[in-house]
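Chains as they are written, first to last, in the working numbering: chain A, 1 to 628; chain B, 1 to 99.
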């Protein structure tokens, strides 16, 4: 452990940028985007500095901590606002700030016509700051602050064009679904506090081995719920598609560098909990496996280029969650896939934004076609990202995805075979829908609207795409050369014994490539050999219809949660009005009614009062007489 | 002479007074009837004192007289005031307090 005073600048710089841009108002319109980009870039610089320092130290001395201030101190319970930068979080810091900065640069040009560009950069900086706090917090409570900050920033950015009601609704949907996950995280923190008595990573790691498996399983499941919310995993995945309402750079940021990777980070960071709670770990794998197929199937039917990419994110994050759920053997590969995915998915999203930029913000791929000739740079960068996500050697995805597939096969027994087949199947479907996106967008005949004049994007937009494309090509090779990333992360995870190998790596790669080839060929036959209709055909199979509606996820949520929820709410309102308010009003009515009846007795005539007293006295005497 | 006869007289006087309070409208007469009831009670106290052979009843009778004297002072003052403002001593007219 080493201490450092410069960690806080990682977060403080983008946070300062956001504060200045939000407070300065219209005065900052002229230079706001430059300041925002500089803040993000300098945070990246601090990250690089930290990496260089870290590389010079031995494994044990690599984690860096910084105590900011004493946050909560009650009795024996102490939480410091502290930062922790270790081998795991430095990967995230560099991905967040690096890809984040590229997206900032891209946005300068992409958002140049938007008169609220300054506010956009303020939110981008806030997003980066919150995400950095999330990965740098040294306890679950500190992480939670960043976690909520990410939720807020994503809400602001998805609903950036909130003048359109549908977009505002999409941001609300994302926020509400994320809240469900947030509940999971807060429950996990509460259980950890109640059973272990501490919420810091270090403290829980120390006490994990003599804590009951039941408590650890409960914490693990709650953490998984949290991860499914932020990472758009089954069953809290429905917000991701609608989140495409935000400007395209936001989609790139959410899908590659921030937000959805938070869940993978949470599970990897909590490795000491999941390793000790096999049930929770199995659930993680199941969630990952379901989501990777779920997302891939949705991807096959989407005509909206951003939604197709969103579905692919869901599926790829499914791979990461699955990898993280495989235990110590899988964590490093999950992180590796996360990093390579960060490059190629950000590149493809920025490419999609570039296509939209040239096509009057048209997102329907059926109205694209033949754009290869008009947008050569976008085509090449998008194409490199495409080869990377397919897992074609030697592009990035080949190294990271194949390792997850291989680990899945080798996880042992029937579970291993099922997981292996699922991941292989996912690879095949991924190849199919990504090839479909490529063919529909860049090849074939043009199916544009009359007013479309496609053109290549300016340098500020294609330069980040080009840099990301370089990452898509090389990152996998660099990270896996000599098991670089695996060895880098190894000190953080429990060491594991050698596993017997069900299939040799070369066989797995061969199978995966075969699946990819099948996917590509099917997509080629279906979309390149035949005419593509400019309007989506209606007479399609029932499966296509279901996939177009996101596998009925919204209908399911509406039928199972929303409508009963509304019924419950209206029933509660009625109960409140009639039973609770009724009781209160009833008491008042009773007093009023009895008062008006009894008022008749108060005639004001002294003689009748006297007569009543007399009668009363007589009755009293008579009663006493009878009793005695 | 049998002491019980005094009690009968007392009961008779009390009844006359009570009926008077309920039946008559003139405040002065009602007042006099109340005095009659008080004195009927006094008679009963004194009689019981005689029957029991101690002075407790007589002492209470003195207290009653003091209370009656005070009551006369306050009551007559009220009646006179009401008569001055309303030109009437009827108890039924003074029924405004109910509102």
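Note that beta-carbon positions come from the ideal geometry of N, C-alpha and C, so glycine has one too.
Counterpart residues of residue i in DSSP-defined beta bridges
{"i": "residue 2 of chain A", "result": "A/64"}
{"i": "residue 304 of chain A", "result": "A/364"}
{"i": "residue 26 of chain B", "result": "B/90"}
Local conformation of residue i per DSSP, three classes
{"i": "residue 99 of chain B", "result": "Because the pLDDT of residue 99 of chain B is 49, which lies under 50, any placement of that residue in the model is unreliable, and the number read from its coordinates should be weighed accordingly. Three-state DSSP puts residue 99 of chain B in coil, outside helix and strand."}
{"i": "residue 139 of chain A", "result": "strand"}
{"i": "residue 312 of chain A", "result": "helix"}
{"i": "residue 200 of chain A", "result": "strand"}
{"i": "residue 327 of chain A", "result": "coil"}
{"i": "residue 455 of chain A", "result": "coil"}
{"i": "residue 372 of chain A", "result": "coil"}
{"i": "residue 411 of chain A", "result": "coil"}
{"i": "residue 628 of chain A", "result": "coil"}
{"i": "residue 27 of chain A", "result": "helix"}
{"i": "residue 443 of chain A", "result": "coil"}
{"i": "residue 57 of chain A", "result": "coil"}
{"i": "residue 602 of chain A", "result": "coil"}
{"i": "residue 394 of chain A", "result": "coil"}
{"i": "residue 448 of chain A", "result": "coil"}
{"i": "residue 32 of chain A", "result": "helix"}
{"i": "residue 53 of chain B", "result": "coil"}
{"i": "residue 44 of chain B", "result": "helix"}
{"i": "residue 43 of chain A", "result": "helix"}
{"i": "residue 403 of chain A", "result": "helix"}
{"i": "residue 275 of chain A", "result": "helix"}
{"i": "residue 3 of chain B", "result": "coil"}
{"i": "residue 65 of chain B", "result": "helix"}
{"i": "residue 608 of chain A", "result": "helix"}
Cutoff 7 angstroms: residue i Cβ touching any chain A Cβ
{"i": "residue 18 of chain B", "result": "yes"}
{"i": "residue 95 of chain B", "result": "yes"}
{"i": "residue 72 of chain B", "result": "no"}
{"i": "residue 22 of chain B", "result": "yes"}
{"i": "residue 54 of chain B", "result": "no"}
{"i": "residue 46 of chain B", "result": "no"}
{"i": "residue 91 of chain B", "result": "yes"}
Residue closest to residue i, alpha-carbon to alpha-carbon, out of the options
{"i": "residue 358 of chain A", "options": "A/448, A/385, A/402, A/443", "result": "A/448"}
{"i": "residue 279 of chain A", "options": "A/217, A/236, A/292, A/334", "result": "A/217"}
{"i": "residue 7 of chain A", "options": "A/72, A/84, A/73", "result": "A/84"}
{"i": "residue 421 of chain A", "options": "A/598, A/290, A/108", "result": "A/290"}
{"i": "residue 300 of chain A", "options": "A/355, A/551, A/234", "result": "A/551"}
{"i": "residue 64 of chain A", "options": "A/102, A/79, A/136", "result": "A/136"}
{"i": "residue 142 of chain A", "options": "A/153, A/341, A/79", "result": "A/79"}
{"i": "residue 154 of chain A", "options": "A/92, A/236, A/240, A/235", "result": "A/240"}
{"i": "residue 76 of chain A", "options": "A/193, A/68, A/264, A/522", "result": "A/193"}
{"i": "residue 606 of chain A", "options": "B/14, B/12, B/24", "result": "B/24"}
{"i": "residue 44 of chain B", "options": "B/53, B/91, B/58", "result": "B/58"}
{"i": "residue 206 of chain A", "options": "A/224, A/268, A/273", "result": "A/273"}
Residue-level contact to chain B via CB, residue i, 7 angstroms cutoff
{"i": "residue 604 of chain A", "result": "yes"}
{"i": "residue 611 of chain A", "result": "yes"}
{"i": "residue 590 of chain A", "result": "no"}
{"i": "residue 614 of chain A", "result": "yes"}
{"i": "residue 585 of chain A", "result": "no"}
{"i": "residue 563 of chain A", "result": "no"}
{"i": "residue 607 of chain A", "result": "yes"}
{"i": "residue 622 of chain A", "result": "no"}
Problem - Completely contained beta strand (DSSP E) runs for the stretch 60 to 125 of chain A, where each covers 3 or more residues - result: 64 to 74, 77 to 85
Practice task
Write down every uninterrupted run of the alpha helix (DSSP H) in the stretch 479 to 539 of chain A whose length is 4 residues or greater and which is fully enclosed by it, in chain order.
Solution key: Residue ranges of uninterrupted alpha helix (DSSP H) with 4 or more members, entirely inside the stretch 479 to 539 of chain A and ordered along the chain, are 484 to 489, 505 to 527.
Exercise for the section: Enumerate, from N- to C-terminal direction, the unbroken beta strand (DSSP E) stretches of 3 or more residues contained entirely within the stretch 154 to 180 of chain A. Expected result: none
Handout entry: alpha helix (DSSP H) runs contained entirely in the stretch 534 to 600 of chain A, provided each spans 4 or more residues
Key = 542 to 548, 553 to 557, 563 to 575, 581 to 599
Exercise for the section: Within the stretch 197 to 265 of chain A, note down every full alpha helix (DSSP H) run reaching 4 residues or more, in order along the chain. Expected result: 201 to 207, 213 to 230, 239 to 242, 248 to 252
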